[in-house]
Structure formats: structure tokens, C-alpha cells
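Participant:
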Amino acid sequence: MQAYEAELPGFAAIDWSKPWFAPFAQRGKRWQQAALTSYEALLAAMNADAGEMRQITGRGQRLAFIAQDDLPPGAAYEAHIASTGCVPTRHNLHDFFNASMWFAFPRIKAALNARQSAAIDVLGIGPTRGGVRDTLTLFDENALLFPCADPALSAALRGFDWHALLVARREAWGASCEVRCFGHALMEKLIAPFKACTGHAWIVDVPAAYFEWDAVKRDAWLDESVAAALLNTDALTSRMFAPLPVLGIPGWWQENDSPAFYDDTSVFRTGRRAR
Numbered sequence: 001m002q003a004y005e006a007e008l009p010g011f012a013a014i015d016w017s018k019p020w021f022a023p024f025a026q027r028g029k030r031w032q033q034a035a036l037t038s039y040e041a042l043l044a045a046m047n048a049d050a051g052e053m054r055q056i057t058g059r060g061q062r063l064a065f066i067a068q069d070d071l072p073p074g075a076a077y078e079a080h081i082a083s084t085g086c087v088p089t090r091h092n093l094h095d096f097f098n099a100s101m102w103f104a105f106p107r108i109k110a111a112l113n114a115r116q117s118a119a120i121d122v123l124g125i126g127p128t129r130g131g132v133r134d135t136l137t138l139f140d141e142n143a144l145l146f147p148c149a150d151p152a153l154s155a156a157l158r159g160f161d162w163h164a165l166l167v168a169r170r171e172a173w174g175a176s177c178e179v180r181c182f183g184h185a186l187m188e189k190l191i192a193p194f195k196a197c198t199g200h201a202w203i204v205d206v207p208a209a210y211f212e213w214d215a216v217k218r219d220a221w222l223d224e225s226v227a228a229a230l231l232n233t234d235a236l237t238s239r240m241f242a243p244l245p246v247l248g249i250p251g252w253w254q255e256n257d258s259p260a261f262y263d264d265t266s267v268f269r270t271g272r273r274a275r
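Take 1 as the starting number for the sequence shown in the working numbering and just add one per residue.
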């Protein structure tokens, strides 16, 4: 098994106090220490948790993590996971965060895998993924979950009305809407956050009572609801997402305490409203 020593400073750089990482810190800190020890130690920690949690993949196979080199030549990544339950995993941040989501939102990850593998069954592996697979990949790599109990806030996000969403209704965050990171490529980028870093928000309509639940119940509800939507929506397209600059989320970045933070139109664009 190859040791990717050049990747180790990346693992050390994870700051679990950041709001985008904090929900995953309990398991993540253990995995981080394993990753800093060796590739073998990281896979062992992941597989110990998988055995305890008894997670399954898109076709009901028991979840496990294998070295990237153990993926058979010519095998499609998603199809291999669906048929064997084994997730090829490299010793890097990208795959570290991908594995984390199998535990944070297991039903969503299984739904993504089920849809991806079903598309491969029909269309095979070609030079392009096709619209549905592109949308599933975008979700997997860059999604933010946006639970919201106030239609006006959802409309502001869809309409690029940043002032309404992030300034005028700032007090609504945590009471009527919130964000959970999901995309593992997005989380990798947030190791070194920058103002233009943008996630693709998947809006989830939630009951008002959602914001009275604890984090465990909220995440379980999101996991079940979003997974069902991914499995039961035929026409998945990228237009179902709404761009959301991550550092603009109230409480996630100190500089956005000032309304002037949102005056940067290169980041907080007018988007579809202008069209």
C-alpha cells in the first residue's frame, strides 16, 4: 500500500472549530489522528466504524473502505461500490471527507450511489456522464443542504436576493433556516476558505418544529427526506440547486458581520434575476 506522505499537512490543517467542519468533529478527530499516522491506520479506523454502524451502500451491500489500488482495472467507481460495498479510498482530504459523509448522511450517500450505478447499468461508461449523473456528481461533490421553514427565505435564495436572505433576515438563521455541508470537494476547499467559495444549495422544506429538534434528529430527518427526493425525482438537473457563497452564511465568517461584506458583486451576483 502506497503512503502519500505529501498529503499529510492537509490532514493536520483541519480546524474542527470551523462551523462547516464542527458537526463532523467527533468522528473526524479520530480519523484525522489515524490519517496522520498512516494510510493503513486511516482505513482501519474507517472500517472499524463501518463495522460498528453496519452501514449499507446503494444496493444493500455492507459498507467498507479499500485502498484505491484495490479497485480492479477498468471497474467503474460507483458501480464497484454498489456491487461490493467497498469504497476505493485514497490517503487524501478529498476521500477523507467523502468517507465522512457515508456516516453523517448514510441514506443520501446510498441514494446517490444507487442512482449513479443504475445510470451506469443503462448507459455504461462513456466520454460524458449525462445530465442526471452530472447532477448527482455535483450534489456529491459540492452540495450544501439548506433546511428552511420559511418560503420567503427559500425564495430569496433562489432569486439571488442576498440582502433579504443574509442581511435583512439575518436573525432567521438558526430559527427558520440553516446549512449543513455535504459535498466532499467543497469541504476540501474549505480547508483554506476564500470569499468566492460557493456551494450548490439543495433546498429542503422542513416543518417549523425542525428548529426545536436537536442536531441528531435534524440530521436523521434530512438524511431520510433528501435521500427519498434523490431516489424519486426522475428529472434531476443542476437548476435544482441555488448557488450560495459559503462565507456569506451568517455566523460562519466574522467579516460578514458587516453588511458591506455582501456588496462584492463578483461573489454575491445578481444571477438569474438579471435574466
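Beta carbons: idealized from backbone N, C-alpha and C, even for Gly. Since we're looking at a predicted model, the values are computed, not measured.
Can you find at least 3 beta carbon pairs, one from the segment 204-219 and one from the segment 73-87, that sit closer than 8 Å?
Facilitator: Segments in contact, no.
Participant: Can you check which of these residues, Glu52, Gly28, Met53, Arg54, is closest to leucine 42 by C-alpha distance?
Facilitator: Measuring from the Cα of leucine 42, the nearest candidate turns out to be Gly28.
Participant: Could you check whether valine 267 and lysine 195 sit closer than 7 Å to each other, using their CB atoms as the reference points?
Facilitator: For lysine 195 and valine 267, yes; Cβs fall inside 7 Å.
Participant: Using a Cβ-Cβ cut-off of 6 Å (strictly less than) and excluding sequence neighbours within five positions of proline 106, which residues of its own chain qualify?
Facilitator: Contacts found: Gln55.
Participant: Helix, strand or coil, according to DSSP, for histidine 91 in the structure here?
Facilitator: Coil.
Participant: Out of Asp121, Pro72, Arg115, Cys148, which one is the CA nearest neighbour of arginine 133?
Facilitator: The shortest Cα separation from arginine 133 among Asp121, Pro72, Arg115, Cys148 belongs to Arg115.
Participant: Among Ala110, Gly251, Leu247, which residue has its Cα nearest to the Cα of aspartate 264?
Facilitator: Comparing Cα-Cα distances from aspartate 264 to each of Ala110, Gly251, Leu247, the minimum goes to Leu247.
Participant: My guess is that glutamate 141 and histidine 184 are in contact by the Cβ rule of under 8 Å, so how many angstroms apart are they, rounded?
Facilitator: Right, their Cβ atoms sit about 7 Å apart.
Participant: Compute the Euclidean distance between the alpha carbons of leucine 71 and aspartate 257, then round it to the nearest angstrom.
Facilitator: Cα to Cα, the separation comes out at about 47 Å.
Participant: For leucine 244 and aspartate 234, what's the separation of their Cα atoms in angstroms?
Facilitator: C-alpha separation (whole angstroms): 24 Å.
Participant: To the nearest angstrom, report how far apart alanine 242 and proline 23 are at their CA atoms.
Facilitator: Those two C-alpha atoms are separated by around 22 Å.
Participant: Considering only the alpha carbon of each residue, which of Glu255, Trp31, Leu36 lies closest to valine 167?
Facilitator: Nearest C-alpha to valine 167: Glu255.
Participant: Using CA atoms only, rank isn't needed, just tell me which of Ala25, Ala45, Phe211, Tyr262 is closest to alanine 104.
Facilitator: Of the listed residues, the one whose Cα sits closest to alanine 104 is Ala25.
Participant: Report the three-state DSSP secondary structure of valine 246 (helix, strand or coil).
Facilitator: It is helical.
Participant: Look at the alpha carbon of tyrosine 39 and the alpha carbon of phenylalanine 96, and state the distance between them as a whole number of angstroms.
Facilitator: Going by the C-alpha atoms only, they are around 11 Å apart.
Participant: Mapping DSSP to helix, strand and coil, what is tryptophan 31?
Facilitator: Correct three-state label for tryptophan 31: helix.
Participant: Suppose the cutoff is 7 Å on Cβ atoms and the five residues either side in sequence are ignored; what does the same chain contact list for glycine 131 look like?
Facilitator: Here the set comprises Thr237.
Participant: Could you pull the start and end residues of the alpha helix (DSSP H) that alanine 151 belongs to?
Facilitator: Before going on, a small fix: residue 151 reads as proline here, not alanine. Where proline 151 is concerned, the enclosing alpha helix (DSSP H) stretches over 151-158.
Participant: Could you name the residues of the same chain whose beta carbon sits closer than 8 Å to that of glycine 251, not counting the 5 residues immediately before and after it, in chain order?
Facilitator: Within the same chain, glycine 251 has close Cβ partners Pro19, Trp173, Gly174.
Participant: So is valine 226 buried or exposed if we call it buried at 16+ other beta carbons inside 10 Å?
Facilitator: Valine 226 comes out buried.
Participant: Since threonine 198 is in the alpha helix (DSSP H), which residue starts that stretch and which ends it?
Facilitator: Unbroken run through threonine 198 is the beta strand (DSSP E), 198-205; no alpha helix (DSSP H).
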